Amino acid sequence: MSPRTIAQRYAKALFELASKRGEIEKIYAEIEGLLTLYRESRLLRNLLESPIHRSQQKLGWLRPIFQERLSPLLWTFLQLLVRRGREALLNETCEAFIELYDAHQRRIRAFVRTAQPLSQEVRDRLSQRLKEIFSADSVILSEETESGLIGGFIVEVGTRAADLSVRGRLHEIQKKLLQASSI
Amino acid sequence: MKTITDLRPDEVTALLEQQLAGELSAKELEETGVVLQVGDGIARIYGLTEVEAGEMIEFASGTKGIVLNLEEDNVGAVIMGSSSTVHEGDRVKRLHRTASILVSEKMLGRVINPLGEPLDGKGPIEGPFFESPYERKAPGVIFRRPVHQPLQTGIKAIDAMIPIGRGQRELIIGDRSTGKTAIALDTIINQRENYEKGDPVYCIYVACGQKASTIAQTVSVLEKYGAMDYTIVVAASASDPAPLVFLAPFAGAAIGEYFRDSGRHALVVYDDLSKQAAAYREVSLLLRRPPGREAYPGDIFYLHSRLLERAAKIIDSDEVARQMNNLPESFKPIVKGGGSLTALPIIETQAGDVAAYIPTNVISITDGQIYLEPNLFNAGVRPAINVGISVSRVGGAAQIKPMKRVAGRLKLELAQYRELEAFAKFGSDLDPATLRQIERGRRLVELLKQPQYQTVKVEHQVASIFAGTRGLLDKLPVEKVREFEAQYIRFLEAAHRPLLDKIRQGQLDEAMEAELEKAAKEVLAGMGIKL
Numbered sequence: 001m002s003p004r005t006i007a008q009r010y011a012k013a014l015f016e017l018a019s020k021r022g023e024i025e026k027i028y029a030e031i032e033g034l035l036t037l038y039r040e041s042r043l044l045r046n047l048l049e050s051p052i053h054r055s056q057q058k059l060g061w062l063r064p065i066f067q068e069r070l071s072p073l074l075w076t077f078l079q080l081l082v083r084r085g086r087e088a089l090l091n092e093t094c095e096a097f098i099e100l101y102d103a104h105q106r107r108i109r110a111f112v113r114t115a116q117p118l119s120q121e122v123r124d125r126l127s128q129r130l131k132e133i134f135s136a137d138s139v140i141l142s143e144e145t146e147s148g149l150i151g152g153f154i155v156e157v158g159t160r161a162a163d164l165s166v167r168g169r170l171h172e173i174q175k176k177l178l179q180a181s182s183i
Numbered sequence: 001m002k003t004i005t006d007l008r009p010d011e012v013t014a015l016l017e018q019q020l021a022g023e024l025s026a027k028e029l030e031e032t033g034v035v036l037q038v039g040d041g042i043a044r045i046y047g048l049t050e051v052e053a054g055e056m057i058e059f060a061s062g063t064k065g066i067v068l069n070l071e072e073d074n075v076g077a078v079i080m081g082s083s084s085t086v087h088e089g090d091r092v093k094r095l096h097r098t099a100s101i102l103v104s105e106k107m108l109g110r111v112i113n114p115l116g117e118p119l120d121g122k123g124p125i126e127g128p129f130f131e132s133p134y135e136r137k138a139p140g141v142i143f144r145r146p147v148h149q150p151l152q153t154g155i156k157a158i159d160a161m162i163p164i165g166r167g168q169r170e171l172i173i174g175d176r177s178t179g180k181t182a183i184a185l186d187t188i189i190n191q192r193e194n195y196e197k198g199d200p201v202y203c204i205y206v207a208c209g210q211k212a213s214t215i216a217q218t219v220s221v222l223e224k225y226g227a228m229d230y231t232i233v234v235a236a237s238a239s240d241p242a243p244l245v246f247l248a249p250f251a252g253a254a255i256g257e258y259f260r261d262s263g264r265h266a267l268v269v270y271d272d273l274s275k276q277a278a279a280y281r282e283v284s285l286l287l288r289r290p291p292g293r294e295a296y297p298g299d300i301f302y303l304h305s306r307l308l309e310r311a312a313k314i315i316d317s318d319e320v321a322r323q324m325n326n327l328p329e330s331f332k333p334i335v336k337g338g339g340s341l342t343a344l345p346i347i348e349t350q351a352g353d354v355a356a357y358i359p360t361n362v363i364s365i366t367d368g369q370i371y372l373e374p375n376l377f378n379a380g381v382r383p384a385i386n387v388g389i390s391v392s393r394v395g396g397a398a399q400i401k402p403m404k405r406v407a408g409r410l411k412l413e414l415a416q417y418r419e420l421e422a423f424a425k426f427g428s429d430l431d432p433a434t435l436r437q438i439e440r441g442r443r444l445v446e447l448l449k450q451p452q453y454q455t456v457k458v459e460h461q462v463a464s465i466f467a468g469t470r471g472l473l474d475k476l477p478v479e480k481v482r483e484f485e486a487q488y489i490r491f492l493e494a495a496h497r498p499l500l501d502k503i504r505q506g507q508l509d510e511a512m513e514a515e516l517e518k519a520a521k522e523v524l525a526g527m528g529i530k531l
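The listed protein sequences derive, respectively, from chains Z and Y.
With the working numbering, the residue at position 106 of the first sequence is 106, and numbering never jumps.
With the working numbering, the residue at position 300 of the second sequence is 300, and numbering never jumps.
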């Protein structure tokens, strides 16, 4: 099984348990915090991914940091991961949990690249449009400016993407012209 | 009033962006993937969750690919072209069409790669183009009819004893350098006659994993004999990536189908399928498909059977042909019945081992095989066809009547000769009947020898074989047989042209046989032989 699939299984178990106990919001917030920590603390990452140390040792190090700060459910879950030797998949598991949470909240994450920073009006219209297309309740928009696009924007939602930039259009035109010359 | 001078550049941009946001639709949001891993002509892609197997995809650089594997969390695709232009993290787009080649009538006389791009530096190929998929289901039973027209190879031994019909699949098998390609090339060259008569058999020569120098040589031979006028060469040389090599025969079949479905005749030579199998094995192993016997993937048989099934003789009725299964959209206006696609696959064996995996597979798929032997080749019997184990399972129906009449004897006499030949090696004490049989056999073998690129018209073949099987050459020294044949044909052409025309049209009766015999005797008398 691929690491992704494994992470998805664990995340699903956690998600279902959390929703049964009505703790989804709390767990989600904690997961986000955990993910930030994991991404930013190289020591934590190295420690979790280290194949040299045994799980008991790892738990010994984690306990003082997390036992108090995490809700009991998530702490138990973390212990389970470590005991099963899946602690290296913490990152993927957290991501899978967030995906599940997004789906639950009917929320999508979109990534927009524009030539110039978006105005509030365009941002709103784009969000509105994306909500309609994906029948979602809310959109989390992350933005990036890239002057090479000349104008317009590129939007990506998961594996779907639309290139409505001037650069993209120019490429299309170039391709068509090249094709026409070969016919 | 609004004027153009009121607008500032950043406002224009903002206005445009607003419009584009309005334009954004579900259709614009294409499904994309991201290249996870790339190497050895294979890319693994994350995303593209709705892509279909066999679909074309496009990488960010414009390089195309074909999806071959759909896995749980990634998609395996082969890269059509250089993999150095594809990078990890590149976006991949779906093209929403099954992999296909654009076929054009203007491809005749050209050398192209399996993607349909010209390789001969004679400029771009012109349209109109017809889109023909690489992978297409073969015509069903009701759209076919049994083979009934001959495909003349111009090689005496083949046309007489292992006849090939239009729509047949005849395997050419043998060790390296036993003249496999020579037979295929002679067959292509022999189609010149049909081309000149205005009823061409279009030829497609697929060079699969050969040396580029060999391909260049083949093309120059075809050019020299005027065969390129009706021939397309599809070339994937040994230096091309494996996906292109394994795709080349499918490109050839796709082009051939264009001619077949438009009611014309086509011949496609796959030279050779052993190299294609090796290329497919390479791709499959890189895609991590489980290896089977000799590390070939489990579907290696299907690879060849689905390719060769596409050779077919189509029913004459245009109406029925129009309803053919899996007809590509672009073919629909041009479909006609009565077309055919003949396939001549070539397989190279190792040290004569026909029982190896790929040879047995292809032997069982095809309608017969022409087996070439190095021993015969070295003994000067060229083409080095082993008549004993070569067969044509359906071509007999396609032979013209005079040929059937003279060739029946030929097969029998040669079979008897081969049986007695072993005794002859001990020399002495053979009864006269046996001796006579052996002597006749020697002359027939001599008669079937034929130099490369010198194809023989069917009426000449009938006349020569008739002289041999009638025993007219028994008194002639073996080394004079070919001299006699040349003189005899020249004499018939000069003095008996109407007779030859009749034979060509499929007539041969006793009076005509008597005329042939008389002519042969005259020529023999001229050579100082009296019967």
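Positions of the beta carbon are idealized from the N, C-alpha and C atoms, including for glycine.
All values derive from a computational prediction rather than experimental measurement.
In this structure, the alpha-carbon of Y:K457 lies about 22 Å from that of Y:N386. Not one beta carbon of chain Z lies nearer than 9 Å to the beta carbon of Y:R166.
Listed along the chain, the chain Z residues whose CB falls inside 7 Å of the CB of Y:T49 are T159.
A check of alpha carbon separations from Z:S127 across Z:E25, Z:L149, Z:E156, Z:I150 identifies Z:E156 as the nearest.
Counting only runs of 4 or more residues that sit fully inside the region 3-54 of chain Z, the alpha helix (DSSP H) segments are 3-21, 24-40, 42-49, in chain order.
In the structure shown, Y:N69 adopts extended strand secondary structure according to DSSP, grouped into three states.
Straight across, the Cα-Cα distance linking Y:R289 with Y:F250 is about 21 Å.
Its chain contains P402, E459, V462 as the residues whose beta carbon lies nearer than 6 Å to that of Y:I503, once the 5 sequence neighbours on both sides are disregarded; these appear in chain order. Taking a C-beta distance under 9 Å as the contact criterion, Y:S274 and Y:I189 do not qualify as a contact pair. Restricting attention to alpha helix (DSSP H) runs no shorter than 4 residues, the region 470-496 of chain Y encloses them at 481-495, ordered along the chain. DSSP places Y:Q37 in the uninterrupted beta strand (DSSP E) bounded by 30-39.
Residues are counted here when their Cβ sits less than 7 Å from a Cβ of chain Z; for the region 64-77 of chain Y these are E72, D73, given in chain order. Shown in chain order are the members of the region 75-104 of chain Y whose Cβ falls below 7 Å from a Cβ of chain Z: R91. When C-alpha distances from Z:Y101 are compared across Z:R4, Z:Q8, Z:R129, the shortest belongs to Z:Q8. Check the Cα spacing between Y:S317 and each of Y:R443, Y:L376, Y:E31, Y:G339: the tightest is with Y:G339. Residue burial annotation: Y:A467 is buried, with at least 16 other C-beta atoms found within 10 angstroms of its C-beta. Short of 6 Å from the beta carbon of Y:T187, and not among the five residues preceding or following it, lie these beta carbons of its own chain, in chain order: T153.
In this structure, the straight-line span from the alpha carbon of Z:A88 to that of Y:V67 is close to 31 Å.
Sequence-ordered contacts of the region 120-146 of chain Z with chain Y read E121, V122, R125, L126, R129, L130, I133 [C-beta pairs closer than 8 Å]. Comparing C-alpha distances from Y:M56 to each of Y:P133, Y:L119, Y:Q37 shows the shortest one belongs to Y:P133. Proximity of Y:V219 to chain Z, defined by a Cβ-Cβ separation below 9 Å, is not satisfied.
A straight-line Cα-Cα distance of about 11 Å links Y:G109 and Y:I125. Within chain Z, T159 have C-beta atoms less than 8 Å from the C-beta of Y:G33, given in sequence order. In terms of CA proximity to Y:E196, Y:A227 leads the group Y:A227, Y:E223, Y:S220, Y:S177. A straight-line Cα-Cα distance of about 15 Å links Y:R409 and Y:G388. When secondary structure is reduced to three states using DSSP, Z:D163 falls in the strand class. Within the region 159-233 of chain Y, complete alpha helix (DSSP H) segments of at least 4 residues are found at 180-190, 192-197, 212-224, given in chain order.
Chain-ordered, the chain Z residues with CB closer than 9 Å to the CB of Y:E30 read R160, A161, A162, D163.
Between the region 356-367 of chain Y and the region 175-182 of chain Y there are fewer than three C-beta pairs closer than 8 Å, too few to call the two in contact. The contact set of Y:L24 on chain Z, defined by CB atoms closer than 8 Å, consists of L126, R129, L130, I133, V155, A162, L164 in chain order. According to the DSSP assignment, Z:S127 belongs to the alpha helix (DSSP H) that extends over 120-134. Within the model, the alpha-carbon separation for Y:V78 versus Y:Q505 is close to 51 Å.
In this structure, the alpha-carbon of Y:I529 lies about 14 Å from that of Y:E517. Put simply, the CB of Z:R107 is far from chain Y, with every gap to its CB atoms at 9 Å or more. Here DSSP, grouped into helix, strand and coil, assigns Y:E131 to strand. Within chain Y, no residue has its beta carbon less than 7 Å from that of Z:S71; the closest one is some 30 Å off.
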